[in-house]
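As structure tokens, the structure follows; a few thoughts come after it.
Chains as they are written, first to last, in this note's numbering: chain A, 26 to 143; chain B, 266 to 815.
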């Protein structure tokens with residue numbers, strides 16, 4: 026796999042787990058690698074809030090940080106590898122490296138993340 | 266989380282509400298992150314759910330590494346170097362209430378903080394703990410600095426008070442040492458005053474017995490000599506008053522250093538007289554601004570040292586020379602030279618050190634020159650010593666000239682003739698003083714009362730006085746109390762009060778003399794001054810009468 030850096034590279038990646046969300050904080054889609062890695066189905070996650078993938082102790086920080094980004098368009102976490110935790114379909118919480126990117130498409134922000142579990 | 270707990274996709278109205286909520290959350294996030302105080306909230310177990318930038322900085326970790334961690338993992342709280350016990354530690358949620366001031370160890374070092382904590386129960390199942398951590402290190406340093414400055418100021422004040430006491434003690438010691446010399450200076454004129462008065466009494470008896478025999482030819486000479494003697498005593502007492510003024514009465518004023526030197530020379534006259542010939546070389550000298558009493562103390566100390574450097578009985582060989590002049594910076598230079606044995610050059614640099622003395626044990630405290638140094642420096646001046654072993658010593662005091670005009674020597678002996686007759690009231694509890702004033706002012710109509718109450722009683726029926734000479738210190742009712750009452754009842758008369766005093770020795774009297782607008786004359790009264798005052802008041806009364814008539 027080549028180095029994935031840009032938004033377009035992330036959304037088109039197939040061999041690493043990817044989740045794509047809109048600026049309302051709802052999941053648009055996940056790729057097959059994501060489904061394989063974390064057990065969620067496309068129908069389970071589509072149009073659901075991102076917080077379903079985030080452990081509850083991070084919900085406040087996510088809500089506030091997400092809101093701040095939309096208001097200020099100043100990113101603090103984008104474009105860097107972050108050691109975070111993801112909630113799997115079976116309820117397990119797995120430490121995973123998150124690489125989150127964003128792009129404005131027709132006045133709306135779109136978000137995509139590569140999530141690699143060890 | 267199961268899928269049936271997930272909300273449905275928002276409809277359009279809900280999307281608007283969501284956007285509004287997000288905007289509010291964004292403001293909250295930005296506002297809280299901008300604060301200098303570190304803010305963090307955790308769940309009931311202390312797991313960080315959110316914190317602001319200040320908290321990240323305090324923890325020394327990126328934001329993402331703070332979230333989800335236990336707040337207790339970041340800091341150890343210490344008080345007086347010991348860990349804060351768990352039961353008092355606000356980071357243990359169950360006891361999270363109130364505030365605590367403690368040290369925390371951060372990646373940037375130890376920081377003194379104040380931790381405020383609150384426990385909020387949002388729902389029956391959810392508690393959150395909120396911590397606000399304020400770095401009070403700088404605040405504490407500022408407080409400590411402030412406290413240190415206060416302590417320094419207090420120490421300085423104590424040191425200054427000690428200095429004042431030391432200066433005063435030195436002056437009292439000098440007065441004690443001067444007493445025998447001053448007694449001698451007073452006894453000499455007293456001897457011939459009493460002798461002359463006995464002579465005058467005998468002359469009076471003889472004249473009564475035989476008025477035809479006429480008056481002795483030397484009568485005027487005897488009277489003049491007696492007056493001269495009394496004036497000498499008066500001057501000595503006045504000089505002692507200048508010298509013995511307390512530390513509370515050290516007002517700076519413009520002074521002719523030559524007058525102050527004369528004060529010191531009067532007080533030490535006897536001491537010097539038996540040891541040296543005194544020479545004055547007074548040249549034009551600028552006025553200086555300082556306390557006359559302190560300056561007199563300096564000169565008394567220096568002149569006493571000069572006299573003590575000379576042995577008794579060689580006054581025709583030894584000399585004390587007192588010089589004054591000004592330099593090109595308009596400073597007053599005062600030099601006191603003696604022809605004593607001089608000071609060893611090795612001792613000169615230490616001469617102003619406290620307790621340094623070359624005198625035999627028991628003869629000197631070693632504080633005199635040190636006190637002089639302190640006093641002169643306090644006046645903005647300098648003091649230095651030049652000495653040659655075997656030929657003598659010169660102590661030079663340099664004082665900054667005041668902005669006032671060049672010093673003019675005080676004038677005495679001015680005589681004025683009475684040109685207008687006034688009506689005067691004398692209020693004095695000492696009948697002899699009152700009678701002497703009546704005699705002194707016999708050209709005028711003088712009424713006497715011998716008490717403060719007597720004066721007030723007099724004023725109920727008679728206030729037609731050009732001047733009221735009122736003693737300040739009277740046992741029944743002081744001159745100050747009389748004046749106060751007259752100000753209330755007869756303000757026009759109060760302006761005509763002139764106070765006479767043998768010495769304002771109470772704190773209230775000193776304050777009164779400093780603040781009252783009326784004239785205050787010192788006893789013994791100088792006839793010329795008294796007549797001058799009367800003429801001014803009588804002329805003013807005449808003018809007022811004329812204007813009223815016109």
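All C-beta atoms in this analysis are idealised placements derived from N, C-alpha and C, irrespective of residue type, glycine included.
### Near-chain A residues of the segment 305-317 of chain B - C-beta to any C-beta below 7 Å
Contact annotation: in the segment 305-317 of chain B, residues whose CB is within less than 7 Å of a CB in chain A are 308, 312, 314, 315.
### Query
Under a CB-based cut-off of 8 Å, is residue 361/B close to chain A?
Because residue 361/B sits at a pLDDT of 47, beneath the cut-off of 50, its placement in the model cannot be relied upon, and the point is left open.
### Query
residue 772/B: buried (16+ other C-beta within 10 angstroms of its C-beta) or exposed?
With a 10 Å radius around the Cβ and a threshold of 16 neighbouring Cβ atoms, residue 772/B comes out exposed.
### Query
DSSP on residue 508/B, reduced to helix/strand/coil?
helix
### Query
Mind checking residue 454/B: buried by the 16 CB within 10 Å criterion, or exposed?
buried
### Query
Skipping 5 residues on each side, what residues in its chain have a beta carbon closer than 8 Å to that of residue 610/B?
652, 654
### Task
Drop a sphere of 10 angstroms on the beta-carbon of residue 752/B, count the other beta-carbons inside from all chains shown, and report buried for 16 or more, exposed for fewer.
By the 10 Å Cβ count, residue 752/B comes out exposed.
### Query
When the Cα atoms are used, what is the spatial distance from residue 423/B to residue 432/B?
Rounded to the nearest angstrom, the two C-alpha atoms are 14 Å apart.
### Message
Tell me the DSSP secondary structure of residue 379/B in three-state form.
### Response
Correct three-state label for residue 379/B: strand.
### Query
What does DSSP give as the partner residues of residue 134/A in its beta bridges?
Beta-bridge pairing links residue 134/A to 129/A.
### Task
Using a Cβ cut-off of 7 Å, pull out every chain B residue sitting near residue 93/A, in sequence order please.
291, 294, 295
### Message
Please report the distance separating the alpha-carbon of residue 335/B from that of residue 47/A.
### Response
31 Å
### Message
If contact is defined by three or more beta carbon pairs under 8 Å, each pair taking one atom from either stretch, is the segment 97-105 of chain A in contact with the segment 55-66 of chain A?
### Response
no
### Message
Pop quiz: residue 786/B and residue 763/B are said to be a contact at Cβ under 8 Å. What is the actual Cβ separation, rounded to whole angstroms?
### Response
6 Å
### Message
Taking the straight line between their C-alpha atoms, what separation do you get for residue 597/B and residue 435/B?
### Response
Spanning the two alpha carbons is a distance of roughly 25 Å.
#### Entry: Inter-residue Cα distance where the pair is residue 560/B and residue 641/B
8 Å
### Query
Alpha carbon to alpha carbon, what distance is there between residue 578/B and residue 606/B?
15 Å
### Task
Give the residues of chain A in contact with residue 333/B, contact being defined as C-beta atoms less than 8 Å apart.
80, 82, 83, 110
### Task
Classify residue 692/B as buried or exposed, calling it buried when 16 or more other Cβ atoms lie within 10 Å of its own Cβ.
Residue 692/B comes out buried.
### Message
Taking 8 Å as the threshold (beta carbon to beta carbon), is residue 390/B in contact with chain A?
### Response
no
### Query
Rounded to a whole number of angstroms, what is the C-alpha to C-alpha distance between residue 295/B and residue 96/A?
10 Å
### Query
Taking the runs of the beta strand (DSSP E) that are 3 residues or longer, which of them lie wholly in the segment 363-441 of chain B?
Those beta strand (DSSP E) runs which fall completely within the segment 363-441 of chain B and span 3+ residues are 363-371, 374-386, 392-400.
### Residue from 280/B, 341/B, 575/B, 416/B whose Cα sits closest to the Cα of residue 355/B
341/B
### Task
Verify the contact flag: residue 344/B, CB atom, against every heavy atom of the ligand GDP, threshold strictly below 7 Å.
You won't find the ligand GDP in this model; it holds no ligand whatsoever.
### Task
Using a cut-off of 8 Å between C-beta atoms, extract the partners of residue 280/B located in chain A.
49
#### Entry: Rounded straight-line distance, which links the Cα of residue 81/A to that of residue 50/A
15 Å
### Query
CA-CA distance, residue 450/B and residue 662/B?
27 Å
### Cross-chain neighbours of residue 419/B in chain A, by beta carbon under 8 Å
Here the premise fails: no neighbours, minimum Cβ distance about 51 Å.
### Task
Please list the partners that residue 283/B has in chain A, where partner means a Cβ-to-Cβ separation under 7 Å.
For the C-beta of residue 283/B, the chain A residues within less than 7 Å are, from N- to C-terminus, 49.
### Query
Alpha carbon to alpha carbon, what distance is there between residue 369/B and residue 644/B?
52 Å
### Task
For residue 310/B, count neighbouring C-beta atoms within 10 Å of its own C-beta (all shown protein chains included) and say buried if the count is 16 or more, exposed if not.
exposed
### Message
To be precise: take each residue of the segment 371-398 of chain B, compare its Cβ to all Cβ atoms of chain A, and keep it if any distance is under 7 Å. Which residues remain?
### Response
none
### Message
Would you say residue 287/B lies against chain A (beta-carbon separation less than 8 Å)?
### Response
yes
### Query
Cα separation between residue 119/A and residue 313/B?
Our two residues, residue 119/A and residue 313/B, have alpha carbons roughly 18 Å apart in a direct line.
### Query
Which chain B residues are close to residue 86/A, counting only those with a beta carbon under 7 Å from its beta carbon?
314, 315, 332
### Enclosing beta strand (DSSP E) for residue 47/A [first to last residue]
43-47
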